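At position 98 of the sequence shown (counting the first as 1) the number is 98 in full-length UniProt numbering, and the numbers step up by one without a gap.
Below you'll find the structure, written out as structure tokens, and then a few comments.
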Amino acid sequence: MKYQNLISGFFVVATGAGSVGQSAQAQDNPIEFNAEAVFLGRLIDENNSSESQPFATQFGVGIEKKHYFDNGMSLGFVGEIRGQIDNETRQGFAGHLQFDSNELAENSDFTGIRAPSTGLSVSSNEVDYGPYGSLEQAFLYLKSGWGELSVGRDIGAAARLDARPPRVMQFGSPNSSRLNATSSSIVRSRNDVTGPSTKITYMSPRLLGFRAGASYTPKANAKGVDFSSSVNTAGVKNANLEDVYEAGLSFSHLFRDQDFRIRLGLTGINATSSSANSRFGDYAAIGGGAEFEKGDWKLGGRYIDADNAIESENANYRAWEIGLTREINDWVVGAEFGSAKDKLLDISGENFSLGVSKPLNKFVDIGVSYISSKTEFFNQEIEGNGAVFELIVRYE
Numbered sequence: 001m002k003y004q005n006l007i008s009g010f011f012v013v014a015t016g017a018g019s020v021g022q023s024a025q026a027q028d029n030p031i032e033f034n035a036e037a038v039f040l041g042r043l044i045d046e047n048n049s050s051e052s053q054p055f056a057t058q059f060g061v062g063i064e065k066k067h068y069f070d071n072g073m074s075l076g077f078v079g080e081i082r083g084q085i086d087n088e089t090r091q092g093f094a095g096h097l098q099f100d101s102n103e104l105a106e107n108s109d110f111t112g113i114r115a116p117s118t119g120l121s122v123s124s125n126e127v128d129y130g131p132y133g134s135l136e137q138a139f140l141y142l143k144s145g146w147g148e149l150s151v152g153r154d155i156g157a158a159a160r161l162d163a164r165p166p167r168v169m170q171f172g173s174p175n176s177s178r179l180n181a182t183s184s185s186i187v188r189s190r191n192d193v194t195g196p197s198t199k200i201t202y203m204s205p206r207l208l209g210f211r212a213g214a215s216y217t218p219k220a221n222a223k224g225v226d227f228s229s230s231v232n233t234a235g236v237k238n239a240n241l242e243d244v245y246e247a248g249l250s251f252s253h254l255f256r257d258q259d260f261r262i263r264l265g266l267t268g269i270n271a272t273s274s275s276a277n278s279r280f281g282d283y284a285a286i287g288g289g290a291e292f293e294k295g296d297w298k299l300g301g302r303y304i305d306a307d308n309a310i311e312s313e314n315a316n317y318r319a320w321e322i323g324l325t326r327e328i329n330d331w332v333v334g335a336e337f338g339s340a341k342d343k344l345l346d347i348s349g350e351n352f353s354l355g356v357s358k359p360l361n362k363f364v365d366i367g368v369s370y371i372s373s374k375t376e377f378f379n380q381e382i383e384g385n386g387a388v389f390e391l392i393v394r395y396e
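So this is what it looks like as structure tokens:
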């Protein structure tokens with residue numbers, strides 16, 4: 001009830017502030033429709049890992065309906081459904097890392113538990129999640145001079161306001177992957193544990209380059225295609241995060257005389273755990289990032305430090321990514337690197353990629369990258385090297 005009152009109050013204040021001397025007559029706009037299909041071809045040779053499919057694919061459709069008012073306010077609805085066929089051991093980056101049973105038996109303290117920061121677990125069991133889909137977005141929003149308020153299924157303020165490294169390929173990057181180019185990457189510096197779980201979010205207007213935002217998620221239980229906070233594996237306990245509070249602060253500025261743009265982001269998350277596993281408690285994470293753009297060059301990096309809902313320095317997760325790209329005659333050429341260490345699971349990993357991409361027209365993008373990946377669990381390593389091809393077809 002208190003959230004309904006908050007929403008009602010925002011509508012009243014925003015309408016009253018924007019309608020002085022004006023009639024707030026709604027103007028209907030046609031429904032906007034978009035669709036996107038992604039194909040990822042993988043020629044990756046990975047040792048000590050389960051066989052992976054040579055391709056991954058995603059298809060999504062979305063709609064948006066807006067109502068504009070004479071006072072400048074807008075009221076709208078956004079919906080999106082997406083489906084994926086990804087690496088069989090991964091689901092929305094989260095999932096399962098398979099290691100030798102003898103190695104796991106000697107280090108059993110690090111099995112049977114899922115890290116909430118990444119959604120990953122380790123075991124010797126074979127899993128196949130198969131195709132899956134998700135209602136990624138279904139939210140109402142109100143925009144005015146006071147900012148933006150949204151309620152429903154969507155990503156939170158921390159993910160919306162962070163700064164991040166540039167990418168050569170939108171889906172095939174080995175870091176914070178949207179489609180998993182390898183089966184073993186653990187590098188995810190995106191500060192997001194809720195995915196598309198139902199939430200309420202407020203975003204301020206941008207003033208003097210600054211924009212702030214906050215979100216509240218009652219239960220982080222959505223299985224999104226980019227991140228699944230509650231993916232299930234037999235014998236593995238989840239943190240079951242709830243009462244998730246997110247906050248973010250972004251700064252953006254363009255130095256016109258120097259043709260130089262800078263963007264900075266700082267994010268934080270706090271949550272509680274309802275897991276029956278006594279090891280889990282409150283969750284806290286902080287992230288930061290920076291983006292720099294000069295002419296055809298882009299440079300950026302991002303970092304996260306999360307405690308995995310366990311009060312111990314021996315259980316935290318830290319990851320960082322960096323990317324550098326240059327646009328040359330509509331081609332984007334660049335390199336990416338990422339590194340991570342998860343003390344809860346006692347795994348570490350790093351990724352490197354070098355590639356090119358190009359928009360053929362406003363509907364089609366193509367790209368290809370060389371990827372090198374290494375993940376370590378005690379005395380066992382999973383190494384992967386090879387090429388990834390990306391094709392994106394969209395309609396708007």
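All C-beta atoms, glycine included, are put in the ideal place defined by N, C-alpha and C.
Being a predicted model, the structure only gives us computed values, none of them experimental.
Residues Val187, Phe337, Gly338, Ser339, Ala340, Ser373 and Lys374 of the same chain have their beta carbon placed closer than 8 Å to that of Glu350, with the five preceding and five following residues left out of the count. Taking 3 residues as the minimum length, the beta strand (DSSP E) runs contained wholly in the segment 22–96 are 26–28, 32–46, 55–69 and 74–85, in order along the chain.
Between the C-alpha atoms of Thr111 and Val236 there is a straight-line separation of about 8 Å. Distance between Gly295 and Ile310, taken at the CA atoms: about 44 Å. Distance from the CA atom of Glu126 to the CA atom of Ala94, rounded to whole angstroms, is 15 Å. Judged by DSSP in its simplified three-state form, Arg160 adopts helix. Non-local beta-carbon contacts of Ile85 in its own chain, meaning distances under 7 Å to residues more than five positions away in sequence, involve Ala56, Thr57 and Pro131 in chain order. DSSP, read as helix, strand or coil, puts Asp257 in helix. One Cα belongs to Leu40, the other to Phe59, and the distance between them is close to 12 Å. Take the alpha-carbon of Leu208 and the one of Leu249: they are about 13 Å apart. In this structure, DSSP gives Glu383 an extended state, which the three-state scheme calls strand.
Taking 8 Å as the upper bound for CB-CB distance, Leu345 and Ala115 are in contact here, some 6 Å apart. For the pair Ala387 and Ala315, the Cα-to-Cα distance works out to about 33 Å. For Gly300, the enclosing beta strand (DSSP E) has its first and last residue at Trp297 to Ala306. Residues of the same chain with a CB within less than 6 Å of the CB of Pro54, apart from the 5 flanking positions on each side, are Arg42 in chain order. DSSP links Lys343 through a beta bridge to no other residue. Buried is the label assigned to Val38, since at least 16 other Cβ atoms lie within 10 Å of its Cβ. The three-state reading of DSSP puts Asn361 in coil, since its state is none of H, G, I, E or B.
DSSP places Asn314 within a helical segment (H, G or I) once states are collapsed to three. Taking one beta carbon from each stretch, the segment 156–167 and the segment 192–206 have 3 or more pairs nearer than 8 Å; the two touch. In this structure Leu135 is not in contact with Val151, their Cβ atoms being roughly 15 Å apart against a cut-off of 8 Å.
Contact check for Val122 against Phe280 fails: the beta carbons are separated by 8 Å or more. Gly287 is a Cβ neighbour of Ile304, given a cutoff of 8 Å. Per DSSP, Arg206 lies in no beta strand (DSSP E) segment and is marked neither H nor E. Taking 8 Å as the cut-off, the Cβ atoms of Ser215 and Asn240 do not count as close.
For Ala234 and His96, the gap between their C-alpha atoms comes out near 11 Å. Here DSSP, grouped into helix, strand and coil, assigns Val225 to coil.
In the DSSP annotation of this structure, the continuous segment of the beta strand (DSSP E) that includes Leu135 starts and ends at Tyr132 to Ser144.
The beta carbon of Phe363 lies closer than 7 Å to those of Val393, Arg394 and Tyr395 in the same chain, with the five residues before and after it left out. For Glu148, the closest C-alpha among the options Asp28, Ser74, Gln137 and Ala335 is that of Ser74. If you compare the alpha carbons of Ile371, Phe227 and Ile200 with that of Asp243, the shortest gap goes to Ile200.
In this structure Leu266 is buried. Its beta-carbon is surrounded by 16 or more other beta-carbon atoms within 10 angstroms.
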